[in-house]
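Protein chains: 2
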Amino acid sequence: MIKFYQPQKGISLKGVQEFNRSVILKVIHERGVCSRATISSEIELDQATITRAITQLIEDGIVEEVSLMKGQRGRRSIGLSLDSGRFRVIVVRLQRLSFSVALFDLLGNTLDLVENAIPSQQSPKQTFGKIVEIIDTHLVKLKESIIGIGVSLPGPFLEKDERIILMTESPDWQVFNLISELRGYYDEISIFSNHDAKSAALAVWREMGIALESKVMLYISVGQGVGSGLVVNGLVFKGSQGIAGEVGHTSIDMNGPLCKCGNYGCLELYTSRLALIRSIQQKAKNNSETSLTEDASFADVVSAYHVGDDLAVTEVERVANYLAQGIVNYINLINPDLIILGDEFMAFGDTFLKAVDKSVKASVLPSIYQNIRMQLANIEEDLVLKGSFLYVLEHTLFVPSNVAPGKLMEEGLGI
Amino acid sequence: MIKFYQPQKGISLKGVQEFNRSVILKVIHERGVCSRATISSEIELDQATITRAITQLIEDGIVEEVSLMKGQRGRRSIGLSLDSGRFRVIVVRLQRLSFSVALFDLLGNTLDLVENAIPSQQSPKQTFGKIVEIIDTHLVKLKESIIGIGVSLPGPFLEKDERIILMTESPDWQVFNLISELRGYYDEISIFSNHDAKSAALAVWREMGIALESKVMLYISVGQGVGSGLVVNGLVFKGSQGIAGEVGHTSIDMNGPLCKCGNYGCLELYTSRLALIRSIQQKAKNNSETSLTEDASFADVVSAYHVGDDLAVTEVERVANYLAQGIVNYINLINPDLIILGDEFMAFGDTFLKAVDKSVKASVLPSIYQNIRMQLANIEEDLVLKGSFLYVLEHTLFVPSNVAPGKLMEEGLGI
DNA sequence: AAATATTACTTGCATTTTGCAATTAATTGT
DNA sequence: ACAATTAATTGCAAAATGCAAGTAATATTT
């Protein structure tokens, strides 16, 4: 028998209420603070309906009244926001050389943040122990309040198996499955794994994409490697295995050098932090026109670039051109309206952005180029942690069936 | 004030019914024929609800009872399908050298099909006249029955302006806007413009993607140019301007030749019908090992390829490798689970497919490659016409507010 | 300072839709 | 012929929304 894709479900009367509650929560989340009246007009439901829903949401500890808002004429609105006191989200970020654990309230405030280095001789199991230790200190006080734990991992990350498939420098993590270990340890709490660049993209979309009214946003992180996240209509695009957006392994030169992934001329070979430094170190040897030496660090290159060092400028601009090549291909495939560049290469600032932009402009059809805004991700916070928090919210608070009246209060964790 | 993306709407009780009606119609459409009981279990609504909805849909002329279905035990199901008698969809396909006009019933049966060549000296306005003439013959008899007119255009097609932005051989069409002319002429009928490769992709998803349970399907057409359509969860991905999927203008070699689009080494320069023929014609000159001449046509090349002609085989395989390069980049960006190749190059058959597949396999990480099925689009129908028909359905019958009880009967066209 | 206009929120009632449960319909197997 | 099984229908209760009227709070006008 033929199987059908996505057997879309009908909606019941009970489902209507849950659906509307989740829409209301999304509006409050996006606006930060807003009134019943605003919600009513925004989602086109009767004020009476909103009043009833909000009453229940306040009772459930998900929403709270925070202040009176100012207006022109008439009665003041009562400001509503997500309840900052009742529920919490824990987020873990694993990187190659360090990990972080953060505690968020529903508003996205960071209540606690611990960052630890991962010494090179430390086994994944030991690191796991340290992560769990920190989480446990939160759970002692807050067990009934934790909505879920978000765990972000570096890519290429196979969502289906929750496994990293190419962690070149720390292959141990390809064997030790952090997610399933966490699931085993915390069997009553929901664990949500996610890919770091995609989570960062989600955070960027919230911070910049919404305001710029982006429908198809591309976040590109250039640092140790090149990663990306695509946000379409506010939803992160994952692909069939959760591994979409691997720009680092798109080729810009089929005659280029062989990459570890099997392909030739991968973007990552030209535009990573390592590639830049190596190239500069090599060329610094017999070059009197530069202040950089063959031991130059990334920070050195950044400084040199900003004071106009010839070698630094030439090399960084070369990287900008390579990056632009990769971006142009991306553009022609997904037709974005907003491109945000982030991660370590942001340190090169607007000059770098302009170099990329110029090169992109030259290679894209005008009517497509005109539609694109390209910016740097000028955000202080850790985008990955914030994005991972948002990811948890999306899979808990914003899922209609999870916000049935009374459900969070009754069932507490593990929704 | 900050504008918010996609002000998601709440759902009213009236909306519930309309929503459920549209879900029911989707199920019937996908299954072709099915029973009330099947729909009930599929979309998880009470049988009573389905009975009531179907009664109304039959009355509205959208659904009809067609037969008794066979089963194991118990009462026979009454087969339901979309009503083939009441409503009609007209579809227009514009190509560089010809146009087609087709008439469909709701089941997707082609009731009438006219294909006309566009002589090179014929102006767009003249062509428009001929198209309208054919449409009018349908309207005389069926005016009250036409749900909408779908018009598919070759890319790069800017959906926002409904304008073709790079029609190299027939620049006249960049000026003459077929869509707005049609809108002006038929001001009471809804016109739905769409991009041909994307529409074809939609048709392919219906015919093959659903059965193969694809979540992220890639349809790539190789012919005059290289185009593609990406279908995610049954929805065509359009990008911000409706211009996504332009693989033809992704570069596989940044040091390659300059393309008309401004970029270097675009895939289309290596893998189009024209590129293949030119290359073969050139090499056929001083080559005794081939039966092909410097006047060889595409059909000649196909025949030669199938009898193992050296030059044909070498050149076609070269194209396969180039194409694979483009596909690999696509894969790493969107992580598909199904890739369907279509259009003229299908004539080279499974050998060609295997050559592409082999080359893709070599350049993609194993865990990603294993997830992908690659096939030829072995479908007899005109995929673009069929896809354009489906596109109209999606924007009419499957939109909840359009299928409120009685609405189609009352308002007829122009929903 | 009181009255009026304006906007925000709340409450009671009617409408509507769904689900449940009982009923009728149609078919196979014993 | 009768039980068992599955499909479809119908009457009734439950539940959620919208409407309209009412209360609350603030600015503006008189």
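Going down the list, the protein sequences come from chains G and U. Residue numbers for the first sequence follow the numbering used here, beginning at 2 and rising by one. Residue numbers for the second sequence follow the numbering used here, beginning at 2 and rising by one. Built from N, CA and C at the ideal position, the CB exists for glycine as well.
Own chain partners of residue i with C-beta closer than 6 Å, once the 5 adjacent residues on each side are dropped
i	result
serine 41 (chain G)	Gln48, Ile51
histidine 196 (chain U)	Gly156, Phe158
glutamate 247 (chain G)	Pro157
methionine 375 (chain U)	Ile340, Asp358
alanine 245 (chain G)	Phe238, Lys239
glycine 16 (chain U)	none
lysine 161 (chain G)	Gln242
alanine 313 (chain G)	Val302, Ala305, Tyr306
Cβ-Cβ distance between residue i and residue j below 8 Å
i	j	result
serine 153 (chain G)	arginine 89 (chain G)	no
leucine 409 (chain G)	leucine 377 (chain G)	no
lysine 10 (chain G)	glutamate 45 (chain U)	yes
leucine 26 (chain G)	isoleucine 63 (chain G)	yes
serine 101 (chain U)	alanine 118 (chain U)	no
valine 67 (chain U)	serine 78 (chain U)	no
glycine 448 (chain U)	serine 191 (chain U)	No answer is possible for residue 448 (chain U): the residues shown for chain U start at 2 and end at 416.
glycine 343 (chain G)	valine 205 (chain G)	yes
isoleucine 55 (chain U)	arginine 37 (chain U)	yes
serine 124 (chain G)	aspartate 173 (chain G)	yes
glutamate 19 (chain U)	proline 258 (chain U)	no
glutamate 316 (chain G)	serine 292 (chain G)	no
asparagine 336 (chain U)	isoleucine 380 (chain U)	no
isoleucine 165 (chain G)	isoleucine 12 (chain U)	no
Proximity winner among the options, relative to residue i (alpha-carbon distances)
i	options	result
aspartate 338 (chain G)	G:Glu43, G:His196, G:Tyr220	G:Tyr220
leucine 112 (chain U)	U:Ser194, U:His139, U:Gly72, U:Thr352	U:His139
serine 289 (chain G)	G:Glu65, G:Asp311, G:Lys131	G:Asp311
leucine 334 (chain U)	U:Leu231, U:Lys359, U:Lys261	U:Leu231
leucine 58 (chain G)	G:Leu179, G:Ile91, G:Ser23	G:Ser23
histidine 250 (chain U)	U:Gly228, U:Gly243, U:Val237	U:Gly228
isoleucine 132 (chain U)	U:Leu183, U:Met347, U:Ile147	U:Leu183
glutamate 214 (chain U)	U:Gly16, U:Ala285, U:Arg87, U:Ile373	U:Ile373
isoleucine 91 (chain G)	G:Gln127, G:Thr128, G:Lys126, G:Lys142	G:Lys142
glutamate 382 (chain U)	U:Gln127, U:Leu114, U:Ser13	U:Leu114
phenylalanine 177 (chain U)	U:Lys126, U:Gly210, U:Lys216, U:Asp137	U:Lys126
glycine 240 (chain G)	U:Lys216, U:Lys161, U:Ser252, U:Thr291	U:Lys216
serine 252 (chain G)	G:Gln242, G:Gly266, G:Ile165, G:Ala313	G:Gly266
asparagine 234 (chain G)	G:Gly210, G:Ser292, G:Arg53	G:Gly210
methionine 255 (chain G)	U:Ile12, U:Ile147, U:Val329, U:Arg87	U:Val329
glycine 309 (chain U)	U:Asn287, U:Ala285, U:Thr352	U:Thr352
Residues near residue i in its chain [Cβ-Cβ closer than 8 Å; skip 5 each side]
i	result
alanine 276 (chain G)	Glu269, Leu270, Val320
glycine 109 (chain G)	Lys387, Phe390, Leu391
serine 85 (chain G)	Glu65, Asp106, Leu107, Leu108, Asn110
leucine 69 (chain U)	Arg77, Ser78, Ile79, Gly80
methionine 2 (chain G)	Low per-residue confidence applies at methionine 2 (chain G): pLDDT is 28, beneath 50, and the placement is therefore not dependable, though the value from the model is reported in the following sentence. Excluding residues within five positions, none has a Cβ falling inside 8 Å.
Own chain, CB closer than 7 Å to residue i, minus 5 neighbours either side, in chain order
i	result
valine 385 (chain G)	Arg94, Ser153, Asp197, Ser200, Ala201
aspartate 61 (chain G)	Pro406, Gly407, Leu409, Met410
arginine 274 (chain G)	Gly224, Gln225, Phe299, Glu345
alanine 28 (chain G)	Before going on, a small fix: residue 28 (chain G) reads as valine here, not alanine. Excluding positions up to five away in sequence, the list reads Cys35, Ile40, Glu43, Ile44.
isoleucine 180 (chain G)	Val152, Glu163, Ile192, Ser194
serine 360 (chain G)	Ala321, Asn322, Ala325
isoleucine 349 (chain G)	Note that residue 349 (chain G) is phenylalanine in the sequence shown, not isoleucine. Val303, Tyr306, Val317.
Residue i beta carbon near the ligand NAD (any heavy atom closer than 7 Å)
i	result
threonine 50 (chain U)	As presented, the structure is devoid of all ligands, the ligand NAD included, so that no description of it is given.
| request: Could you run through the stretch 332-350 of chain G and flag, in chain order, every residue whose CB is less than 7 Å away from some CB of chain U? | output: Asn333, Leu334, Ile335, Asn336, Pro337, Asp338
| query | Is the number of C-beta pairs between the stretch 298-310 of chain U and the stretch 319-326 of chain U that are closer than 8 Å three or more? | reply | no
| field | Selection of the stretch 99-130 of chain U by Cβ proximity to chain G, strictly under 7 Å | value | none
| Between the stretch 241-256 of chain G and chain U, which residues of the former have CB atoms less than 9 Å from a CB of the latter, in chain order? | Ser241, Gln242, Gly243, Ile244, Ala245, Gly246, Glu247, Val248, Gly249, His250, Thr251, Ser252, Ile253, Asp254, Met255, Asn256
| Is there contact between the stretch 355-367 of chain G and the stretch 262-274 of chain U, where contact requires at least three CB pairs shorter than 8 Å? | Judged by pairs of C-beta atoms under 8 Å, the stretch 355-367 of chain G touches the stretch 262-274 of chain U, as three or more such pairs exist.
| According to a CB-to-CB cut-off of less than 7 Å, which residues of the stretch 43-69 of chain G neighbour chain U? | Glu43, Ile44, Glu45, Leu46
| message | Closer than 7 Å between beta carbons: that is the criterion. Which residues of the stretch 364-379 of chain G meet it against chain U? | response | Ser364, Val365, Leu366, Ser368, Ile369, Asn372
| In the stretch 384-415 of chain G, which residues sit with their C-beta less than 9 Å from some C-beta in chain U, listed in chain order? | none
| query | Between the stretch 136-169 of chain U and chain G, which residues of the former have a C-beta closer than 9 Å to a C-beta of the latter? | reply | Pro157, Leu159, Lys161, Asp162, Arg164, Ile166, Leu167
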